[in-house]
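Asks:
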Amino acid sequence: MVSRIRNHPAAFSESYSERRVNSIYFDTPGFMNLVDATEGIGERSKIRLRWYGPLARIPGVTVEWKRKRSNVSWKVSESLPGFSRTFEECFWADIREELMTNVQPELIARLATNFVPVVMVSYLRRYFETLDESIRVTVDSDISAYSQTITAGPTLRFPIAIAPLTILELKASVQNAEAVRRVSKDLPMSIGRSSKYAVAAEAALLY
Numbered sequence: 423m424v425s426r427i428r429n430h431p432a433a434f435s436e437s438y439s440e441r442r443v444n445s446i447y448f449d450t451p452g453f454m455n456l457v458d459a460t461e462g463i464g465e466r467s468k469i470r471l472r473w474y475g476p477l478a479r480i481p482g483v484t485v486e487w488k489r490k491r492s493n494v495s496w497k498v499s500e501s502l503p504g505f506s507r508t509f510e511e512c513f514w515a516d517i518r519e520e521l522m523t524n525v526q527p528e529l530i531a532r533l534a535t536n537f538v539p540v541v542m543v544s545y546l547r548r549y550f551e552t553l554d555e556s557i558r559v560t561v562d563s564d565i566s567a568y569s570q571t572i573t574a575g576p577t578l579r580f581p582i583a584i585a586p587l588t589i590l591e592l593k594a595s596v597q598n599a600e601a602v603r604r605v606s607k608d609l610p611m612s613i614g615r616s617s618k619y620a621v622a623a624e625a626a627l628l629y
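Following this line, the structure appears as structure tokens:
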């Protein structure tokens, strides 16, 4: 897959070093974010904490409210570099209190109704972009997931069995939508919806 990207007519080059991406996803008490994702609702969203590097240590997080309307997505995010913990030092109640104290009002309002911990997802990500930086490609592999539904804080004690999966995603501004369609024709991918959260969360709730 990577060789196909490198040899693509759009002249993609690697724009950032490969790194591990880790996220903890939260939902409403009724798991409405999951329902919206699995049913393909046109307008949907999700809340997550994200950090990079070794999985078992959180060296500072970004709180993200990711939103999607049809094929257009955007997010509200805030970085909290002072939040640094090992899992043994973390409890959901403490994490919630710290976030509700330190993030912007728009995120506080969302966290207030979307703070049921569901899954932790971790994967390796590679980054590519065209010479003019108008189109980016990410390739996610080595995906693992862990249920967070019955614990007092983040844990790796409950791994979730998910099928091996590699996800390729094209990213660009709305104005470059037609260029994205042209580029996608020469990439080794099946076009469709793919939510790592939904895949892992469905498995976690059946755990």
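Numbering follows this note's numbering, with no gaps: position 126 of the sequence shown is 548.
Cβ coordinates follow ideal geometry from the N, Cα and C atoms, glycine included.
Just so you know, these numbers come straight off a predicted model, no measurement behind them.
Would K468 be called buried (16 or more neighbouring beta carbons within 10 Å of its own) or exposed?
Replies: Numbered from its first residue, the sequence shown carries residue 468 at position 46. With 16 or more Cβ atoms within 10 Å of its Cβ, K468 is classed as buried.
Asks: Contact defined as beta carbons within less than 8 Å: I believe L553 pairs with Y568. What is the distance between those atoms, to the nearest angstrom?
Replies: If you number the sequence shown from 1, residue 553 lands on position 131. If you number the sequence shown from 1, residue 568 lands on position 146. Not quite, the Cβ-Cβ distance comes to about 39 Å (not below 8 Å), so this is no contact.
Asks: Per the DSSP calculation, I557 is bridged to which residue(s)?
Replies: Mapped onto the sequence shown, residue 557 falls at position 135. Per DSSP, A594.
Asks: So what does DSSP say about V463, is it helix, strand or coil?
Replies: To locate residue 463, count along the sequence shown from 1; it is residue 41. The question names Val, but residue 463 in the sequence shown is Ile. The answer is coil: DSSP assigns I463 none of H, G, I, E or B.
Asks: Ends of the beta strand (DSSP E) at V443?
Replies: The residue given as residue 443 occupies position 21 in the sequence shown. Unbroken beta strand (DSSP E) run through V443: 435–449.
Asks: Applying the 10 Å Cβ sphere with the 16-neighbour rule, what's the burial state of W496?
Replies: Position 74 of the sequence shown, counted from the start, is the residue given in the question as residue 496. By the neighbour-count rule (16 or more Cβ atoms within 10 Å), W496 is not buried but exposed.
Asks: Bridge partners for T484 per DSSP, in chain order?
Replies: Stepping through the sequence shown from its first residue, residue 484 is reached at position 62. Beta-bridge pairing links T484 to R472, S501.
Asks: Answer with buried or exposed for D449, where buried requires no fewer than 16 other C-beta atoms within 10 angstroms of its C-beta.
Replies: Locating residue 449 in the sequence shown gives position 27, where the first residue counts as 1. When all chains shown are included, D449 counts as buried.
Asks: With a Cβ-Cβ cutoff of 8 Å, do L529 and W473 count as a contact?
Replies: Locating residue 529 in the sequence shown gives position 107, counting from the first residue. Locating residue 473 in the sequence shown gives position 51, counting from the first residue. Result no, Cβ atoms of L529 and W473 do not sit closer than 8 Å.
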